[in-house]
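Participant: In this note's numbering, the protein residues as written are 63 to 293.
C-beta: ideal position from N, C-alpha, C; glycine also.
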Amino acid sequence: MFKVLPILLAVLYGFVMYRFSVWRTGRELDEKSTELADPRLVAMSKQMAKALDLPRIKVHIYEIEPVNGLAAPDGRIFITRGFYNKFRAGEVSAEELASVIAHELGHVALGHSRRRMIDFSGQNAMRAALGMILSRFIPGVGVWIANMLTSMLAAKLSRADEYEADAYAAALLTKAGIGIAPQISLFEKLDALTNAGGGRPPAWLMSHPRTEDRVKALTTLQSKWDAKPKV
Ligand SMILES: [Zn+2]
63 MFKVLPILLA VLYGFVMYRF SVWRTGRELD EKSTELADPR LVAMSKQMAK
113 ALDLPRIKVH IYEIEPVNGL AAPDGRIFIT RGFYNKFRAG EVSAEELASV
163 IAHELGHVAL GHSRRRMIDF SGQNAMRAAL GMILSRFIPG VGVWIANMLT
213 SMLAAKLSRA DEYEADAYAA ALLTKAGIGI APQISLFEKL DALTNAGGGR
263 PPAWLMSHPR TEDRVKALTT LQSKWDAKPK V
């Protein structure tokens, strides 16, 4: 019993942290967001909603500067004010912004956004529990190994999520008649932004795999789809 107790406590701690961060994220987003009303973008999201047989896709603007898109744990989709400003300035097209909406929609549809919050707190619990167990066998380095294993697992999971969300977006954009070209051109634009802007990548790129790898995955998908006879 005494051996299990610390692990139980770690799991409980993780769960409480999870509930708290879901609540805090939701509140922060409520306070700092408005519904996206730009007619060109609303038209784009209508096109995608139709492809999904949904009445509409609601998108919000999150009032922060960093260029980013996000899917909240409750399933709401956000584009940051900074990203929207790039669209207003003509640096990013409506189709490219639609590809971000489609990607975030993929995270929601595939259950990533909920799981990611669990991952975050679950990671803390796993780190603590694994650290305790490993320390019994290898004192000193046990905690260090536990940290490394947890981080590696988390990075692998999140990379897999990104490829899945990209593939979902590609399918949706194709069905909606927008195509995957804006997805690829946006990756390249954001990459160029990184190179020109002193090497600090936009937030949206930082949490994602390498651009070349993502573009390669997309073109592979496209060629597979093209090879299939149309019905
Ligand atoms: Zn993503």
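Between which two residues does the beta strand (DSSP E) containing Glu-97 stretch?
Facilitator: One-based indexing of the sequence shown puts residue 97 at position 35. 95–97 is the extent of the beta strand (DSSP E) around Glu-97.
Participant: Please report the residue range of the alpha helix (DSSP H) in which His-270 lies.
Facilitator: Sequence index remark: in the sequence shown, residue 270 carries index 208 (1-based). Careful: His-270 lies outside any alpha helix (DSSP H) and carries neither H nor E.
Participant: Could you tell me the distance, in whole angstroms, from the CA atom of Leu-74 to the CA atom of Ala-191?
Facilitator: Start at 1 with the first residue of the sequence shown, and residue 74 comes out as number 12. Start at 1 with the first residue of the sequence shown, and residue 191 comes out as number 129. Distance between the alpha carbons of Leu-74 and Ala-191 is about 11 Å.
Participant: Do you know offhand how far Phe-140's Cα is from Phe-82's?
Facilitator: As a working mapping, residue 140 is identified with position 78 in the sequence shown. As a working mapping, residue 82 is identified with position 20 in the sequence shown. Each residue's alpha carbon lies about 20 Å from the other.
Participant: May I ask you to report which of helix, strand or coil DSSP gives Ala-233?
Facilitator: By 1-based counting over the sequence shown, the position of residue 233 is 171. Here Ala-233 sits in helix by DSSP.
Participant: Closer than 7 Å to a non-hydrogen atom of ligand 1 - does that hold for the CB of Ala-190?
Facilitator: As a first step, residue 190 must be located in the sequence shown, where it is residue number 128. No; taking the cut-off as 7 Å, the Cβ of Ala-190 has no heavy atom of ligand 1 nearer than that.
Participant: Per DSSP, which residues does Tyr-146 bridge with? Please list them.
Facilitator: The residue you call residue 146 lines up with position 84 of the sequence shown. For Tyr-146, which the question treats as bridged, DSSP gives no partner whatsoever.
Participant: Taking contact to mean at least 3 C-beta pairs separated by less than 8 Å, is the segment 80–95 in contact with the segment 207–224?
Facilitator: no
Participant: Report yes or no: is there a C-beta of chain D within less than 8 Å of the C-beta of Phe-199?
Facilitator: Protein chains in the displayed structure number just one, and chain D is not present.
Participant: Using CA coordinates, which residue listed in Leu-167, Ser-161, Gln-109 is at the minimum distance from Pro-135?
Facilitator: For this step, residue 135 is matched to residue 73 along the sequence shown. It is Leu-167 whose Cα lies nearest to the Cα of Pro-135.
Participant: Quick one: Cα of Arg-198 to Cα of Val-66, how far?
Facilitator: Numbered from 1 along the sequence shown, position 136 holds the residue referred to as residue 198. Numbered from 1 along the sequence shown, position 4 holds the residue referred to as residue 66. Here the C-alpha atom of Arg-198 lies approximately 13 Å from the C-alpha atom of Val-66.
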